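According to full-length UniProt numbering, the sequence shown is numbered sequentially starting from 1.
C-beta: ideal position from N, C-alpha, C; glycine also.
Note that this is a predicted model, so its numbers are computed, not measured.
Working notes, beginning with the structure itself.
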Amino acid sequence: MEDVKKALLTKSKRAKMETRGKIISFLCIALIVLVVLSIFYFVASKGLATFFTDKINLLDFLFGTEWNPSQLGANGKPMVGALPMITGSFIVTFLSAIVATPFAIGAAVFMTEISPKQGQKILQPVIELLVGIPSVVYGFIGLSVIVPAVRSIFGGTGFGILAGTFVLFIMILPTVTTMTVDALKAVPRHYREASLALGATRWQTIYKVVLRAAVPGILTAVVFGMARAFGEALAIQMVIGNAALMPNSLVTPASTLTSILTMGIGNTIMGTVENNVLWSLALILLLMSLIFNIVIRLIGKKGALK
1 MEDVKKALLT KSKRAKMETR GKIISFLCIA LIVLVVLSIF YFVASKGLAT
51 FFTDKINLLD FLFGTEWNPS QLGANGKPMV GALPMITGSF IVTFLSAIVA
101 TPFAIGAAVF MTEISPKQGQ KILQPVIELL VGIPSVVYGF IGLSVIVPAV
151 RSIFGGTGFG ILAGTFVLFI MILPTVTTMT VDALKAVPRH YREASLALGA
201 TRWQTIYKVV LRAAVPGILT AVVFGMARAF GEALAIQMVI GNAALMPNSL
251 VTPASTLTSI LTMGIGNTIM GTVENNVLWS LALILLLMSL IFNIVIRLIG
301 KKGALK
């Protein structure tokens, strides 16, 4: 009896392996959470120093239109109005998403509903190739092709939000297309069969049934693409002009949060006002990334409830 009791109470080899696996998984998850929290704390501590240490007014920072941290304005404070960069980031992000969405949906419908075999052979390799191209290559192509084209067609210098929109459109197109394809494939097959059985044509089934059922997934793809566009730095820096001015035209030089941040962070001294305001821009980018992720999760929950 003692031997049986001992055998029943002793953990088996598989149970020990499972326990070790749980411990390792927990440690990995804890490490990831710690790294994320550390990043938030580091960026927030540096970014908030602008307002608590340098005594810059938050409203002046968010809604000011003059950006020259090394000079003092009429109020005796450094000119650190970030509104031109915030506006430029949002405009170029929304425009690129508006342009990319119809192309992504069209490509996804072709690959899933119209010609899956040809789409798998032709479009899938192209999309995978676009995903693997580095940002600097997109920026160089934009600088060599898109900027001269915008200059010759629309006038101006060619640098500006329009050129940045075209570059970001090409960059986020593979992401939005891939996620849209997954959303369309997730629509149950019996939805299509029921629609066709009721006498609907293929196009009516795609438009009235498949696309409407996949709306949450498509919206998630668009928001995910916008999140990538909002945080893009190198490619947009090469074509937007990097002028910290309020954009009054799509073909005049402008700037984004990432372009000003990447240009100035290496030329400032840690702890100075010039450096702190750049960390404040980084904090805005971090908060916007968090907001994009929250929106994606809310859209996903709404789709799951349906």
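A residue is called buried when at least 16 other Cβ atoms come within 10 angstroms of its Cβ; A74 does not meet this threshold and is exposed.
Between F230 and I269, the alpha-carbon positions lie close to 26 angstroms from each other. Taking C-beta separations shorter than 8 angstroms and ignoring five residues to either side along the sequence, the partners of G156 in its chain run V150, S249, V251, T252, following chain order. The beta carbons of T256 and V92 sit closer together than 8 angstroms. By the CB criterion at 8 angstroms, T180 and A108 fall inside the cutoff. Classified as buried, N242 has 16 or more neighbouring CB atoms from the shown chains inside 10 Å of its CB.
Counting along the chain, M226 sits inside the alpha helix (DSSP H) bounded by residues 215 to 231. C-alpha of R14 to C-alpha of L34: approximately 30 angstroms in a straight line. When C-alpha distances from A227 are compared across S89, R20, G271, the shortest belongs to S89. Contact between the region 203 to 219 and the region 70 to 87 is not established, with fewer than three Cβ pairs separated by less than 8 angstroms.
Secondary structure note for P148: it is in no beta strand (DSSP E), and the uninterrupted alpha helix (DSSP H) holding it is 147 to 154.
When the beta-carbon positions are compared, I56 and T50 come within less than 8 angstroms of each other. For S70, the uninterrupted beta strand (DSSP E) segment begins and ends at 67 to 72. Sixteen is the threshold: when 16 or more other Cβ atoms of the shown chains lie within 10 Å of the Cβ of F224, as they do, the residue is buried. Using a Cβ distance threshold of 8 angstroms, M171 and E232 count as a contacting pair. Comparing alpha carbon positions, the residue from F103, I39, S38 closest to T175 is F103.
Burial is judged here by how many other beta carbons sit within 10 angstroms of a residue's own beta carbon; P78 has at least 16 and is buried.
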